[in-house]
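Worksheet for the structure shown next.
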Amino acid sequence: MSGHGTPIPMISRRGAPLRGEAHVPGDKSISHRSLILGALTVGETRITGLLDGEDVLDTAAAMRAFGAEVSEKDGVWSVHGVGVGGFAEPETVIDCGNSGTGVRLIMGAMATTAITATFTGDASLRGRPMGRITEPLALFGTRAVGREGGRLPMTLVGAREPVPVRYTVPVPSAQVKSAVLLAGLNAPGETVVIEREATRDHTERMLAGFGAGIATEETPEGRVITLRGQPEFVPQTIVVPRDPSSAAFPVCAALITEGSDVLVPNIGLNPTRAGLFTTLQEMGADLTYENLREEGGEPVADLRARFSPDLKGIEVPPERAASMIDEYPVLSVVAAFAAGTTEMRGVRELRVKESDRIDAMAQGLRAAGVHVDEGEDWWAVEGRGHRNVPGGVTVASRLDHRIAMAFLVMGLATSKPVRVDDAAPIATSFPIFEPLMAGLGASIDREEP
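The numbers in full-length UniProt numbering rise by one with no breaks, and the one at position 230 of the sequence shown is 230.
Written as structure tokens, this is what we have:
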């Protein structure tokens with residue numbers, strides 16, 4: 001699959017039970033950060049298990065453009081970095097493709113170096129707001145010039161004499177938090193980030209692993225993260241755990257497909273990422289953790305998901321949203337096959353992802369015969385129970401990989417097939433989705449455009 005170019009229509013149908021092991025790709029969030037922090041380290045960082053989807057490959061290309069040596073051989077990635085503050089001015093525009101994570105983290109990493117870089121991306125990324133990143137970066141002394149509404153293409157002029165900042169993240173966002181922390185690396189003194197609601201903490205864990213002085217404290221005003229600037233990073237050997245966001249698709253497919261029993265090995269279960277699995281268990285899903293362990297400072301387990309015909313709708317706690325924000329589209333598919341209503345609140349962030357994910361899923365679910373209510377930061381799916389979702393629709397993926405995969409999962413259990421107009425964006429995060437699902441027995445096929 002390709003996230004760019006010719007559309008790839010796909011169709012999914014109800015068929016045989018899903019059986020076997022689903023070896024999903026490496027964690028996308030950790031893959032981005034491994035490359036960026038490796039590029040900010042003098043010496044060689046070696047990475048195995050890196051997700052080789054287009055989003056991460058675009059980040060690897062960006063690190064090369066900033067002067068790092070990045071190569072891959074036999075599945076092992078080598079990053080020879082340039083040190084904190086050592087980025088060179090790129091000679092070309094930095095194209096981050098479809099990746100909001102990639103572009104925002106890279107902007108943070110370069111913001112306090114006295115260089116200029118221009119960023120762009122595909123049509124979806126060019127439509128996403130960057131003001132939430134450029135506003136805090138301006139506090140360091142960084143200047144940004146972009147299209148109206150703070151959108152790409154955008155040129156960043158790095159701060160020549162950066163100053164440390166104290167910044168309270170206005171909405172839960174690991175991308176914003178991480179961009180500020182990465183910018184703080186090349187600022188003197190201490191940069192402080194305060195988040196009222198905890199978000200995924202991969203950046204903090206990895207910064208500590210590379211040798212940064214970073215401390216986290218829980219206070220009445222929220223989680224306070226203090227970073228000491230201008231560290232000397234120590235090269236690392238990193239094993240990337242498998243992506244819980246990718247695991248969500250075979251797990252959810254197994255739960256709604258009759259007779260299924262699927263094992264998804266080696267999944268990262270960082271508490272800031274595992275909200276979906278907790279939610280599914282609360283809905284009555286037959287989902288268990290096997291072989292719980294810790295690898296590279298991150299909790300890991302094998303997930304076993306079995307067909308669950310008696311799922312119940314629940315109200316998902318709003319405070320859980322940050323730990324499962326990317327999984328709400330496929331959760332809404334599971335909710336369609338549950339009995340009762342599943343309410344999801346505190347999810348405004350879904351409106352500004354690769355697409356407006358609330359609208360995209362609501363429109364597709366309604367067309368497939370499922371009742372959906374929605375507001376600005378909430379939505380509710382009225383489940384129809386097992387074997388009662390009609391399907392028989394063609395939905396628009398809106399250049400959004402998670403929308404495409406969610407509806408292809410849905411078609412495995414609907415009465416009539418479900419078509420997705422363009423599954424090409426799936427390659428940005430889950431390039432082996434098609435063969436992996438086929439290996440489990442899923443009836444998902446390409447159609448002629």
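We treat Cβ as the ideally placed atom computed from N, Cα and C, and that holds for glycine.
For the beta strand (DSSP E) holding residue i, just list the boundary residues, first then last.
i, result
"M344", "339-345"
"M154", "151-157"
"E434", "Careful: E434 lies outside any beta strand (DSSP E), inside the alpha helix (DSSP H) at 433-440."
"G43", "43-48"
"residue 519", "Residue 519 lies beyond the residue range present for the chain, which begins at 1 and ends at 449; the question has no answer from this structure."
Compute the beta-carbon to beta-carbon distance between residue i and residue j, rounded to the nearest angstrom, for a pair I have assumed lies under 8 Å.
i, j, result
"V352", "P129", "6 Å"
"A285", "L311", "6 Å"
"A111", "L152", "Contact doesn't hold; Cβ gap of about 15 Å is too wide."
"T191", "L227", "5 Å"
"F140", "V165", "6 Å"
"A314", "L350", "Note on residue identity: the sequence assigns Ile, not Ala, to residue 314. Wrong, their Cβ atoms sit about 18 Å apart, outside the cutoff."
"D445", "I36", "Going by Cβ atoms, the distance from D445 to I36 rounds to 37 Å, so no, they are not a contact pair."
"T59", "G85", "That belief does not hold up - the Cβ atoms of T59 and G85 are roughly 19 Å apart, past 8 Å."
"E81", "V42", "This sequence places Gly at residue 81; Glu is not what is there. Right, their Cβ atoms sit about 6 Å apart."
"L292", "L185", "About 33 Å; that fails the 8 Å criterion."
"A380", "V372", "7 Å"
Grab the span of the alpha helix (DSSP H) containing residue i for me, first residue to last.
i, result
"I325", "Looking at the DSSP string, I325 is not in any alpha helix (DSSP H), and its letter there is neither H nor E."
"E221", "Careful: E221 lies outside any alpha helix (DSSP H) and carries neither H nor E."
"R128", "Segment: none, R128 is in no alpha helix (DSSP H) and carries neither H nor E."
"G20", "G20 -> not in any alpha helix (DSSP H); beta strand (DSSP E) instead, spanning 19-21."
"I358", "357-367"
"A254", "244-256"
"E282", "275-282"
"L263", "Unbroken run through L263 is the beta strand (DSSP E), 261-268; no alpha helix (DSSP H)."
"E374", "First-last for E374: 371-375, but that is the beta strand (DSSP E), not the alpha helix (DSSP H)."
"R104", "100-110"
"R320", "That residue, R320, is in no alpha helix (DSSP H); it is neither H nor E in DSSP."
"G38", "28-39"
"V240", "It is not in any alpha helix (DSSP H) - V240 carries neither H nor E in the DSSP assignment."
"P409", "It should be pointed out that residue 409 corresponds to Val in this sequence rather than to Pro. 401-410 is the extent of the alpha helix (DSSP H) around V409."
"A88", "Counting along the chain, A88 falls outside any alpha helix (DSSP H), and DSSP gives it neither H nor E."
"R5", "The sequence shown places Gly at residue 5, not Arg. Neither: G5 is in no alpha helix (DSSP H) and is coded neither H nor E."
"S178", "174-184"
Let me make sure I understand the geometry here. Which of the options has the alpha-carbon closest to that of residue i?
i, options, result
"K177", "G313, G383, A109", "A109"
"A247", "I115, V409, A61", "V409"
"N252", "R242, E217, V264", "A quick correction: the sequence has Cys, not Asn, at residue 252. When each option's Cα is compared against that of C252, the closest is V264."
"S173", "G209, V165, R223, V163", "R223"
"T219", "T203, I194, S12", "I194"
"G158", "A88, V76, V56", "A88"
"P231", "D261, A187, A427", "A187"
"R147", "F119, E161, V163, T101", "F119"
"V56", "V370, I426, A117", "I426"
"E217", "L292, R196, G100, G5", "R196"
"L255", "G83, V334, T272, V145", "V334"
"E376", "G391, D356, V389", "D356"
"V316", "Q281, E295, E294, N291", "Q281"
"R200", "P244, G189, E161", "P244"
"S34", "T203, A336, D373, P170", "T203"
"R242", "G43, G83, S429", "S429"
"A123", "T142, N98, G369, V171", "N98"
"V180", "G411, M107, A413, S31", "M107"
"T257", "N291, T414, E382, G121", "T414"
"G38", "R13, F66, I267, R387", "F66"
"G259", "L412, P162, L331, V370", "L412"
Have a look at the DSSP bridge pairing and note the partners of residue i.
i, result
"V56", "DSSP lists no partner for V56."
"T191", "L227"
"D445", "I11"
"P299", "E294"
"G213", "R228"
"F119", "I94, M154"
"R166", "V192"
"S71", "S78"
"V420", "M10, V395"
"K312", "A339"
"R384", "A339"
"A305", "V262, L287"
- Message: Would the region 384-400 count as touching the region 409-423 if we require 3 or more Cβ pairs under 8 Å?
- Response: yes
- Query: Contact between the region 225-240 and the region 42-56: three or more CB pairs below 8 Å?
  - Reply: yes
- Query: Do the region 298-306 and the region 328-348 make contact, defined as three or more Cβ pairs closer than 8 Å?
  - Reply: no
- Looking at C-beta atoms only, is the number of pairs between the region 62-77 and the region 276-286 that lie closer than 8 Å three or more? no
- Message: Assess contact between the region 401-415 and the region 352-367, defined as three or more Cβ pairs (one per stretch) separated by less than 8 Å. Is contact present?
- Response: yes
- Query: Taking three-plus beta-carbon pairs below 8 Å as touching, is the region 147-162 in contact with the region 120-128?
  - Reply: yes
- Task: Taking 8 Å as the threshold, find out whether the region 430-449 comes into contact with the region 6-21 through three or more Cβ pairs.
- Result: yes
- Query: Are at least three pairs of beta-carbons, each pair with one atom in the region 84-99 and one in the region 315-335, less than 8 Å apart?
  - Reply: no
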